[in-house]
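In terms of our numbering, the sequence shown opens at residue 418 and continues consecutively. As structure tokens, the structure follows; a few thoughts come after it.
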Amino acid sequence: IVHQIPCRTQSTKRAVVLLTCNSLQELKRKGKVKLGIEENVRVQMTDGTIVDDEDYFQTIPSQTLFLLLKPDEDAVTGTILLYNALKAVNIDYLKAGNAAETFFSNNLKEKLNLLSKLLKKESKKWNTKASTKDDDPKWFEGIDSRSKTKEEFMTRRSQDRIRGYLYKTQDDLKKSPSYNTDSMFRTKLTDAMNAIVKQLKCDSYFGGYFDRSNKSVRLCDELGNFECKGQWNLNECRYKKAAISNHVINPYESREARIVFSTWNFDHVIERSRTIIPAILEAAKMASASENKSAINYNYFYKLIFTTANLKLVHIVCHDKSVHNVKCDAIKYSLRCLELDGRSRIE
């Protein structure tokens, strides 16, 4: 399989190399050598799909363009991603290129509101129920993916977001000085993260959040209508009863709606970076001080980072990035370990 691999560096420069590889690991190894990267890398497709599974990698066609991301790097997101995606839709006024990028770089939230109103006005309800490429080929245009149904594509989008939180959490924890100097501290963190990864696999990385066919965990109704859950400190969206600009969207409805839905965010009520990461590090410190007598309560932090116990799906207007004055419960940081027959178990 021949793949072209672009790598975005911190200086925003791009290096593009052409590689021949037969596996995901070979792709990473050869890519790191060609691009002069020493750190571990994550592989991502240009549509945002994270590739971390060998079986899925084997289904990707040749000549596919990949991004190799270092631990402290993110793929292009936000305004630039929205602009590039919208440009691919072939809407006439977006063909202006740089002018359109400038347009979306200023007052983004206000303009997305206007775009949402336009989508509601021009909505084509007749193909909302369509699922396959054959039934609604326009919906799949511009997608660098082999998804055969809308549900499959949306499942992967949800999984990508959850995987993103996992990778960012792993990277943030490894930046702790104690992780590199205290072996017991590192062991406690490693054990907790291994347990979290195992649980995420069991939960299929919560791909069902965006999958309208998944009745058990979907965040939408059977047609695919998503409602904004409101700002982190509110019980519901303040625009819920608005006549025109209410924060409701159905990404299954059209290609344009699918693209705009990518600007909706998961908001952690208890913030991941500001609050949960320091709490996990404190839990590791407590557990390492007790050696084999306690362990990090990974299930508590798992729920805070990855589940709707602490996640709210919100319209970009309701995504408040200021400090959330909500703390973790220190009583739930650790679990007591008991020694049984020379082996420890968590109580």
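Where is the CB? At the ideal position from N, CA and C, for every residue including glycine.
With distances taken from CA atoms, which of the options is nearest residue i?
i: Q587; options: N663, A547, D608; result: D608
i: P488; options: M462, G647, V731, E456; result: E456
i: I693; options: K749, A704, E639, S705; result: K749
i: G559; options: F723, R675, A706, A704; result: R675
i: E639; options: A547, N597, D737; result: A547
i: S690; options: N709, Q648, S739, N714; result: S739
i: E471; options: G453, C438, K567; result: C438
i: M462; options: I477, G453, L452, G448; result: I477
i: E568; options: R635, I467, V433; result: R635
i: L752; options: R446, N709, D620, K591; result: N709
i: D552; options: Q648, L452, K632, E670; result: E670
i: S679; options: Q442, D577, V434; result: D577
i: E490; options: K585, F723, L452; result: K585
i: N663; options: D469, F623, R573, I733; result: I733
Please look up how many angstroms separate the CB atoms of residue i and residue j, rounded, as I've assumed it's under 8 Å.
i: S575; j: Y656; result: The Cβ separation is near 23 Å, so there is no contact.
i: C645; j: C637; result: Going by Cβ atoms, the distance from C645 to C637 rounds to 12 Å, so no, they are not a contact pair.
i: V686; j: V731; result: Between V731 and V686 the Cβ distance is about 11 Å, and since that is not below 8 Å, they are no contact.
i: T549; j: K565; result: 6 Å
i: N642; j: V665; result: 6 Å
i: C735; j: G647; result: 6 Å
i: K592; j: W649; result: In fact, because the Cβ distance is near 25 Å, the residues do not count as touching under 8 Å.
Taking DSSP's pairing of strands, which residues face residue i in a bridge?
i: M462; result: F483
i: A609; result: For A609, which the question treats as bridged, DSSP gives no partner whatsoever.
i: T604; result: Partner(s): none; T604 has no beta bridge.
i: T566; result: T549
i: L752; result: A712
i: I467; result: Q461
Using 9 Å as the threshold, is the C-beta distance between residue i and residue j below it?
i: F718; j: I613; result: yes
i: H741; j: E688; result: yes
i: R629; j: F557; result: no
i: K605; j: A726; result: no
i: M571; j: P668; result: yes
i: L485; j: V450; result: no
i: G448; j: F483; result: yes
i: R603; j: N611; result: no
i: G581; j: I467; result: yes
i: S595; j: K720; result: no
i: Q616; j: N714; result: no
i: S705; j: D589; result: no
i: V460; j: L435; result: no
i: G624; j: R573; result: yes
i: D684; j: D737; result: yes
i: L583; j: I454; result: no
Is there a Cβ from chain D that is less than 9 Å from the Cβ of residue i?
i: N727; result: The question asks about chain D, but that chain is absent: this structure has only one protein chain.
**Message:** Ignoring anything shorter than 3 residues, give me the beta strand (DSSP E) runs that lie fully in the stretch 710-750, in order along the chain.
**Reply:** 711-713, 728-731
**Item:** Runs of alpha helix (DSSP H) lying entirely within the stretch 629-699, each at least 4 residues, in chain order
**Value:** 672-678
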